[in-house]
Ligand code: SAM
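Residue numbers (UniProt numbering): 31 to 292.
What follows is the structure in structure tokens.
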């Protein structure tokens, strides 16, 4: 049945679907920029600099649909390599082994990420692997990745403990777990201001810019429910990680938690 609509040829449909995702992606980026004043870019840079990516690395970025973290990792490896002639000679072969797996539960987000890879000239990059998967039940072998990152993702996972156990399972010994997440503001006056901003300003921006107040209300509530920095650090340690620490940004608006598999 055509439901009164004109039959759309296959190619045109692909283009139309592409356009829809383009608009979702641009809204997503725009919203992140507006809500964080562009700071999310710096926080993601910091996450990747803590990771210290290296040629030949096997890395898993969970909840990474948009590719924001994965692109930075790939850039870091390839650019550093170009800067260092010795590194280039030593790592030419290893570079080809580099894999950055972008794992996300939502295929629509993965499509957004792949579209962005295309725009950045990274569509053919052999290091980038896009895969659908659940943080709570990863399809990776035990001890198979050097690094694990999750940016603004763990808050959405139903059973955080399970996701942490999975991160620990798939990491190699010596591998690092890094999590960037919206967290809890530590200073009383700033906390009041931040509460006001998040409860009234964010849902309004969501409505105005993305036409979706409800999702942004949910976002604010999910930040509230997320464990404190200390409690989350304890959960990471309970999953088996050692040398667990965290770094706050903007007084705790976001935090990067880190741990190693021993
Ligand atoms: N990491 C990206 C960034 O920082 O821009 C995307 C973050 S986005 C706010 C959260 C992502 O988590 C979504 O793409 C969503 O599909 C994904 N997600 C939610 N639950 C997940 C799960 N259980 N396993 C894997 N991904 C999940």
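Heads up, the beta-carbon is just placed ideally off N, CA and C, and yes, glycines get one too.
On a predicted model such as this, the values are computed, not experimentally measured, just so you know.
Neighbour-count burial assignment, residue i, 16 or more Cβ in a 10 Å radius
| i | result |
| --- | --- |
| residue 109 | exposed |
| residue 173 | exposed |
| residue 292 | exposed |
| residue 74 | buried |
| residue 241 | exposed |
| residue 194 | buried |
| residue 198 | buried |
Top-ranked residue by Cα proximity to residue i, from the options
| i | options | result |
| --- | --- | --- |
| residue 179 | 159, 172 and 207 | 207 |
| residue 274 | 263, 145 and 104 | 263 |
| residue 126 | 143, 138, 133 and 107 | 107 |
| residue 133 | 144, 149, 105 and 95 | 95 |
| residue 141 | 97, 102, 242 and 237 | 97 |
Bridge-paired residues (DSSP) for residue i
| i | result |
| --- | --- |
| residue 285 | 211 and 278 |
| residue 88 | 129 |
Neighbourhood of residue i by C-beta, 6 Å cutoff - its chain only, sequence neighbours within 5 removed
| i | result |
| --- | --- |
| residue 209 | 180, 184 and 287 |
| residue 218 | none |
| residue 253 | 212 |
Same chain only: Cβ atoms within 8 Å of residue i, ignoring 5 sequence neighbours per side
| i | result |
| --- | --- |
| residue 278 | 213, 216, 259, 284 and 285 |
| residue 82 | none |
| residue 250 | 228, 229, 232 and 233 |
| residue 135 | 93, 162, 163, 164 and 165 |
| residue 200 | 90, 168, 170, 171, 172, 173, 174, 175 and 178 |
Contact test: residue i Cβ vs the ligand ADP heavy atom, cutoff 6 Å
| i | result |
| --- | --- |
| residue 179 | Within the structure as shown, the ligand ADP is missing, the only ligands being the ligand SAM. |
Neighbourhood of residue i by C-beta, 7 Å cutoff - its chain only, sequence neighbours within 5 removed
| i | result |
| --- | --- |
| residue 99 | 74, 77, 78, 91, 179 and 181 |
| residue 64 | 235 and 239 |
Please give the ranges of any alpha helix (DSSP H) in the stretch 142-201, keeping only runs that are unbroken, at least 4 residues long and fully inside the region. Positions of the alpha helix (DSSP H) runs, each at least 4 residues long and wholly inside the stretch 142-201, are given as 190-200 in order along the chain.
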